[in-house]
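Take a look at the structure set out below.
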Amino acid sequence: MRRDDNGHALEFQQRIDRGDKIEPQDWMPESYRQALQRQMAQHAHSEYVGMLPEGRWITRAPSLHRKCILLAKVQDEAGHAQYLYSALESLGLSREQAYGQLLSGQAKYLNIFNYPALSWADVGMIGWLTDGAAIVNQVPLSRSSYGPYARAMLRICQEESFHHRQGFDLVRKLVEGSPDQREMAQEALNRWWWPTVMVFGPPDEDSVHSQRSMRWGIKLYSNDTLRQKFIDQTVPQIHHLGLSVPDEHLRFNQETGHYEIGLIDWDEFQRVIQGNGQCNRDRIAARRHAWESGAWVREAAACYAHKQAARLTERQGEQNV
Ligand code: BYC
0 MRRDDNGHAL EFQQRIDRGD KIEPQDWMPE SYRQALQRQM AQHAHSEYVG
50 MLPEGRWITR APSLHRKCIL LAKVQDEAGH AQYLYSALES LGLSREQAYG
100 QLLSGQAKYL NIFNYPALSW ADVGMIGWLT DGAAIVNQVP LSRSSYGPYA
150 RAMLRICQEE SFHHRQGFDL VRKLVEGSPD QREMAQEALN RWWWPTVMVF
200 GPPDEDSVHS QRSMRWGIKL YSNDTLRQKF IDQTVPQIHH LGLSVPDEHL
250 RFNQETGHYE IGLIDWDEFQ RVIQGNGQCN RDRIAARRHA WESGAWVREA
300 AACYAHKQAA RLTERQGEQN V
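Here it is in structure tokens:
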């Protein structure tokens with residue numbers, strides 16, 4: 000860092016501590032830019048890859064009503080990825096670069112999307128649990144220090160609330176149905192519970208980025224704090240539906256007012272985020288296929304934009320004569 004950068008860095012930290020928003024044209028330390036890029040890219044990729052498990056069920060939704068809801072939800076996820084990829088461009092990371100990082104495995108996306116959606120109940124679990132976890136994580140991010148990220152979060156969280164609601168409603172319908180449907184819901188919960196609890200990232204003592212990201216207002220709360228909040232709000236919902244949490248060690252601590260859970264299998268988490276989960280290869284292959292088969296669309300759009308720009312220049316030239 001140059002000497003004048005030290006002064007800038009101090010002033011920058013003071014702006015963050017005051018709660019000012021950092022905008023794309025503002026000076027920012029290179030390490031702040033990189034830390035933001037990493038988290039926002041991971042977030043954008045999660046939205047983008049996250050469409051895949053539910054997307055498989057669009058053609059098999061059990062009614063027109065459910066199909067319409069699911070279509071709208073999956074489309075929303077694509078929109079979230081769009082906002083975030085655009086916000087990333089404001090930090091100097093192009094769409095091509097961001098995609099390149101996803102396809103090469105350099106950038107991560109949420110562990111949860113490397114599990115298969117095996118039954119219709121899984122669609123409900125993704126909405127209720129995964130979107131529920133996303134809301135707990137992302138509502139605070141709407142106060143994050145980077146303006147475009149914080150503003151994208153406002154809209155995203157409103158849509159996630161609808162996703163959460165439809166997931167809960169879907170599961171509620173199943174548990175009110177036949178014994179087979181109730182069993183299907185419980186079986187899906189058994190598979191999605193632990194990966195969802197892992198979504199908040201490694202325990203605080205193993206979280207590499209948390210301290211610095213929190214100092215810079217890139218994230219607002221630690222991984223364990225958010226995980227606990229999710230558990231405290233979701234366990235009563237599970238009980239309300241008459242389902243059971245697949246954790247024999249779960250107990251409510253009267254003194255702290257919090258639920259305590261059993262040990263999380265962090266080895267499984269590491270395996271999955273390192274690329275060796277059940278669906279990692281399929282997910283990346285699907286995204287690579289989409290990127291490659293969409294090449295002609297990008298080419299046509301670029302050609303159209305080029306022609307429009309040429310026409311505009313020509314018209315401006317005529318007006319100036
Ligand atoms: N999965 O230092 P740490 C949605 C990585 S999509 C995979 O604690 P950080 C939806 C982490 O990247 C919503 N990797 O990290 C869409 C780091 O590795 P690198 C997505 C994970 O960043 C469709 C290493 O572990 N929301 O809702 O401080 C359908 C050390 O971790 C995970 C967001 O992405 C994980 N779960 O904290 C339905 C929210 N956790 O990068 C729903 C924004 C950690 O050094 N992101 N890692 O190689 C965040 O808030 C933070 O990035 C995290 C992790 C809390 C996730």
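Heads up: the sequence shown begins at 0 in numbering that gives the first Met the number 0, then just goes up one per residue. Backbone N, C-alpha and C fix where the C-beta goes; we use that ideal spot for every residue, glycine too.
Start and end of the alpha helix (DSSP H) containing Arg55? Here Arg55 belongs to no alpha helix (DSSP H), and DSSP marks it neither H nor E.
Given 8 Å as the limit, is there contact between the region 68-81 and the region 4-17, that is, 3 or more CB pairs closer than that? Taking 8 Å as the limit for Cβ pairs, the verdict is that the region 4-17 does not touch the region 68-81.
To the nearest angstrom, how far is it from the Cα of Arg142 to the Cα of Arg150? A direct Cα-to-Cα measurement between Arg142 and Arg150 gives close to 8 Å.
Going by C-alpha distance, which of Ile134, Gln165 and Val135 is nearest Leu70? The shortest C-alpha separation from Leu70 is found at Gln165.
Which word fits Leu63, buried or exposed, when buried means at least 16 other C-beta atoms lie within 10 angstroms of its C-beta? Leu63 sits exposed, since fewer than 16 C-beta atoms from the chains shown fall within 10 Å of its C-beta.
For Glu53 versus Ile125, is the C-beta spacing smaller than 8 Å? Yes. Within cutoff.
For His257, which residues does DSSP report across the bridge? As DSSP reads the structure, His257 sits in a beta bridge with Asn252.
In the DSSP assignment, what residue or residues form a beta bridge with Tyr145? In the DSSP output, where bridge partners are listed per residue, Tyr145 has Ile21.
Does ligand 1 have a heavy atom nearer than 7 Å to the CB of Gln96? It does not: the Cβ of Gln96 is nowhere closer than 7 Å to a heavy atom of ligand 1.
Could you say which of Gln157, Val198, Gln137 and Ala40 lies nearest to Leu109 if we only look at CA atoms? Proximity to Leu109 across Gln157, Val198, Gln137 and Ala40 peaks at Val198, based on C-alpha coordinates.
If we ignore side chains and look at the alpha-carbon of each, how far apart do His208 and Lys306 end up? Using only the alpha carbons, I get a separation of about 45 Å.
Going by beta-carbon coordinates alone, are Asp121 and Trp191 separated by less than 8 Å? At the C-beta level, Asp121 and Trp191 come within 8 Å of one another.
Cβ neighbour criterion (16 or more within 10 Å) applied to Gln185: With 16 or more other Cβ atoms within 10 Å, it is buried.
Confirm the yes/no value for this check: CB of Phe345, any heavy atom of ligand 1, distance under 7 Å. Residue 345 lies beyond the stretch modelled for the chain, which goes from 0 to 320, so this question has no answer here.
Sub-8 Å separation of Phe251 and Gly131 beta-carbons: Not a contact, by the Cβ cut-off of 8 Å.
Any non-hydrogen atom of ligand 1 closer than 7 Å to Pro115 Cβ: It does not: the Cβ of Pro115 is nowhere closer than 7 Å to a heavy atom of ligand 1.
Between Asp231, Leu225 and Tyr145, which has its C-alpha nearest Glu259's C-alpha? When only C-alpha atoms are compared, the closest one is Asp231.
Coarse secondary structure for Glu158, derived from DSSP in three states: Taken through DSSP and simplified to helix, strand or coil, Glu158 comes out as helix.
Looking at ligand 3, does it come within less than 7 Å of Val207, judged from the CB to the closest heavy atom? Ligand 3 is not part of this structure, which contains only ligand 1.
Check His208 in the structure and name its three-state DSSP category. Coil at His208, not helix or strand.
Counting only runs of 3+ residues fully inside the region 157-206, write out the beta strand (DSSP E) ranges in chain order. If we require 3 residues or more, the region 157-206 turns out to have no beta strand (DSSP E) run fully inside it.
Cβ-heavy atom distance between Phe167 and ligand 1 below 7 Å? Closer than 7 Å to some heavy atom of ligand 1: that does not describe the Cβ of Phe167.
Taking only the alpha-carbon atoms, compute the straight-line gap between Val48 and Gln315 and give it to the nearest angstrom. Between the alpha carbons of Val48 and Gln315 lies a distance of about 43 Å.
Is DSSP giving Gln318 helix, strand or coil here? In the structure shown, Gln318 adopts helical secondary structure according to DSSP, grouped into three states.
Taking three-plus beta-carbon pairs below 8 Å as touching, is the region 112-121 in contact with the region 274-283? Counting Cβ pairs under 8 Å, three or more are found: they touch.
Spatially closest choice to Ile134 from Pro147, Trp119, Arg154 and Gly123, by CA coordinates: Of the listed residues, the one whose Cα sits closest to Ile134 is Arg154.
Hey, Ser243 and Ala187 are a contact pair by Cβ (cut 8 Å); roughly how many whole angstroms apart? Contact between Ser243 and Ala187 does not hold, since the beta-carbon distance rounds to 13 Å and is not under 8 Å.
Taking Cβ to Cβ, would you say His162 is nearer than 8 Å to Lys66? Lys66 is positioned such that its CB atom lies no closer than 8 Å to that of His162.
With a threshold of 8 Å on Cβ separation, who are the neighbours of His257 within its own chain once the five nearest residues in sequence on each side are excluded? Closer than 8 Å at Cβ, skipping near neighbours: Gln227, Ile230, Asp231 and Phe251.
Can you list, in chain order, the residues of its chain with a C-beta nearer than 6 Å to that of Leu311? Leave out the 5 residues immediately preceding and following it. If we look at Leu311 and ignore the five residues flanking it on each side, it has no Cβ neighbours.
If we ignore side chains and look at the alpha-carbon of each, how far apart do Lys107 and Ala301 end up? Between Lys107 and Ala301, the C-alpha separation is close to 28 Å.
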